[in-house]
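Written below as structure tokens is the structure these notes are about.
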Amino acid sequence: MPIHVLSEQLAAQIAAGEVIERPASVVKELMENALDSGATEVHVDARDGGKRLIRVADNGCGIPSAELELAFVHHATSKLQSLDDLFAIQTLGFRGEALPSIAAVANVTVLTRAADEAVGTELTIAAGRVTGKTPHASPQGTRISVDNLFYNIPARLKFMKSNGTESGHIHDLLNRYALAYPNVRFSLTSEGRLAFQSTGNGAMADVLVAVYGSDTASQMFAVDYNSFDAPRQPDEQSQDGGGRTPNIQVVGYVSSATLSRANRSHMTLFVNGRAVQDRNLLFAVIEAYHTILPVGRFPVCILKISLPAERVDVNVHPTKAEVRFRDPHLVFNAVQRAVRQTLLANQVVPGMGAGVDGWPHISRADRFVTSGYRPPEAHSQAPEQLALHRQHSGEHAAENPGWSSGAGASLPPPIASLRPAAEPTDTAAQQPGPAATPARDMPLPMLRVLGQVARMYIVAEGPQGIFLIDQHAAHERVLYEKFVAERTATERATAQPLLEPLAVELSAQQAGRLNDAAT
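Residue numbering for the sequence shown follows numbering that gives the first Met the number 0, starting at 0 and increasing by one per position.
Rendered as structure tokens:
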């Protein structure tokens, strides 16, 4: 096939594919333009998950009528004048790609009025070509309507998710930007109904309640960190020739130890007002929670990181979702220290003196009373093993004769929550034979319970030493194995309707998936 130049329309559609991945990408680009224009109100309307209609209206400075058509030309922008500006960008957009990319794959209508104009202007564009421009009454600001997204690229439409899923992505995007810009009033109307609205009063705590609910917001701590106020470490020097250390500010909110999620989707990071996905910064937050959250659990956080613009390169990703720092180690340390100091200040992390002053001094007998049971009477009693991996108990008892039934005396029973009430005896251990499915994890040997720490962990003694067991996770695993065994035996899990309804808070994406599954 000979080499040839692509048509202008095809090249525009290919370029649009890098910037516009889904309806939420359109909302993001238009919202960032609104924020760059100085808007204090941003209203978003979406129909059919944004596939049929996306409308973003703001009260910013507007676009002058003489420059309106130029705004939809590739690489036309008001935010860069020279190459030097590229390395100290103060705005969210700068490439001049968003509007022409959107216009290449949809029908666009723009209604705008600049502050010094008496009458607004309406511009209509279809498949990248201007089809009309007329004077029109309009308040100051800009309203952009995007109809029939990807109508001229049927292959891209096939990869779109359901309306509920796409609406969830738009809702999640509004939530994040409302948290990052609490002084801007955001609202989202989805399928004709008001789905989200922030106050715009500048209080991030109010936005937290609007986004996550009062229960979640009450379990979060405010972060306010300035690297100039923190003591310097020997290795914290800038990599530039002058050896100057930049000022790094970190503000936002982080969750307490009682609030965590199973993935990183609730960790939101903004760098100089720009939403980013930086693995190193996420790792810095996770490291700050080391020993606080169990493995596999992640915090809820919204952190706004501010540093001099010349020390951040934002021109490294097609959608500007990633950035590059001149001093990545300084930013990493600042984020980790900001989160860790906040947790320490709120007594989430026990200090070195916690064993003396932080924990109440209670007797061994009272220690078990607070857990719901009392220690046994002073008479000989066989040690009981924890009800974890019960199919292996017989093997380990035979391999370790010193841990036989006659070896213990006056030992406290295991934590009651680990043993289901309906199974007082270990029936699995009495039935020899291989298990149906071999355990993938290392089975526990026969253990002897020594005590309980903070009503969360069991301290037990075994042949190889001390074992520390998360009793809640162990109980969940016991119930999980029980349900799996029931389903394997009957091919149907035992279930019944709840006697009382249980209120569950779902994110917009989760609610969308649930609605899709219901239909």
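Using N, Cα and C, we set each Cβ at its ideal position, and we do this for glycine too.
8 angstroms contact criterion, which R39 and R142 should meet: CB distance rounded
Inspection of the sequence shows that residue 39 is occupied by Thr rather than by Arg. Wrong, their Cβ atoms sit about 15 angstroms apart, outside the cutoff.
In the DSSP assignment, find the unbroken beta strand (DSSP E) run with M266 in it and report its ends.
It spans 266-270 - the beta strand (DSSP E) in which M266 sits, taken as one unbroken run.
Starting from V342, trace the alpha helix (DSSP H) in both directions and tell me its first and last residue.
The residue you asked about is not Val; residue 342 is Leu in the sequence shown. Its alpha helix (DSSP H) spans residues 327-344.
Based on the DSSP output, what are the partners of T123 in its beta bridges?
DSSP output for T123 lists T108, G131 as bridge partner(s).
Taking its Cβ as the centre, do 16 or more other Cβ atoms sit within 10 Å of K50, making it buried, or is it exposed?
Under this definition K50 is a buried residue.
Quick check: what's the CA-CA separation for A179 versus F482?
In a straight line, the C-alpha of A179 is about 43 angstroms away from that of F482.
Determine, using beta carbons only, whether I101 and V25 come nearer to each other than 8 angstroms.
Cβ distance < 8 angstroms, so I101 and V25 count as in contact.
Going by the CB atoms, is the gap between V18 and A105 shorter than 8 angstroms?
Result no, Cβ atoms of A105 and V18 do not sit closer than 8 angstroms.
N345 to P181 span [Cα, whole Å]
When rounded, the distance between both Cα atoms is 24 angstroms.
Short Cβ contact (8 angstroms threshold) for F269 with I304
Yes, they are a contact pair.
With three or more C-beta pairs closer than 8 angstroms as the rule, is the stretch 286-298 touching the stretch 311-326?
No, they do not touch.
With a threshold of 16 other CB atoms inside 10 Å of the CB of L467, please say whether the residue is buried or exposed.
Classification of L467: exposed, given that the 10 Å Cβ count is below 16.
When we look at the beta-carbon of S226 and count the other beta-carbons within 10 Å, is it buried (16 or more) or exposed?
Classification of S226: buried, given that the 10 Å Cβ count is 16 or more.
Distance, F149 Cα to R46 Cα:
Their Cα atoms are separated by approximately 14 angstroms.
Less than 8 angstroms between the CB atoms is what I'm expecting for T111 and T120, so what's the real figure, rounded?
Indeed, because the Cβ distance is near 6 angstroms, the residues count as touching under 8 angstroms.
Just to confirm my understanding: we take T267, look at its own chain, exclude 5 residues before and 5 after, and list those with CB closer than 6 angstroms. What are they?
Result list for T267: R175, I301, in chain order.
Which of helix, strand or coil DSSP assigns to Y479:
Under the three-state reduction of DSSP, Y479 is assigned to helix.
Which listed residue (V313, P138, A103) has its alpha carbon closest to that of A113
Considering only alpha carbons, the answer is P138.
According to DSSP, is A216 part of a helix, a strand, or is it coil?
Reduced to three states, the DSSP call for A216 is helix.
Neighbour-count burial assignment, I13, 16 or more Cβ in a 10 Å radius
Exposed is the call here.
Excluding five sequence neighbours on each side, which residues of the same chain lie with their C-beta closer than 6 angstroms to the C-beta of R296?
Closer than 6 angstroms at the Cβ level, and outside the excluded window around R296, lie S259.
Indicate the three-state DSSP secondary structure (helix, strand or coil) for E490 in the structure shown.
DSSP, reduced to helix, strand and coil, places E490 outside both helices and strands of the structure shown, so it counts as coil.
Which residues in the same chain as R54 place their Cβ atom closer than 6 angstroms to its Cβ, once the five residues preceding and following it in sequence are excluded?
Counting only Cβ-Cβ distances below 6 angstroms, and skipping sequence neighbours, we find D44, S144.
So, using beta-carbon positions, are V249 and V222 closer together than 8 angstroms?
In this structure, V222 lies closer than 8 angstroms to V249 by Cβ.
Are there 16 or more other CB atoms within 10 angstroms of the CB of P153, so buried, or fewer, so exposed?
P153 is exposed by the Cβ-count criterion.
In chain order, which continuous runs of the beta strand (DSSP E) of length 3 or greater are located wholly inside the stretch 246-308?
Here the runs fully enclosed are 248-254, 266-270, 273-275, 300-305.
Nearest-angstrom Cα distance between G167 and G48?
Going by C-alpha positions, G167 is about 8 angstroms away from G48.
Candidates V210, A56, V41, P99, of which the one nearest A11 by Cα
Looking at the Cα atoms, P99 is the closest of the given residues.
Straight-line CA distance for R339 to V299?
Each residue's alpha carbon lies about 14 angstroms from the other.
Tell me which residue opens and which closes the alpha helix (DSSP H) that T164 is part of.
DSSP places T164 in the uninterrupted alpha helix (DSSP H) bounded by 162-179.
Report yes if the C-beta distance between G92 and D35 is below 8 angstroms; otherwise report no.
A contact, by the Cβ cut-off of 8 angstroms.
With C-beta atoms as the reference, is R21 less than 8 angstroms away from E165?
Taking 8 angstroms as the Cβ cut-off, R21 and E165 qualify as a contacting pair.
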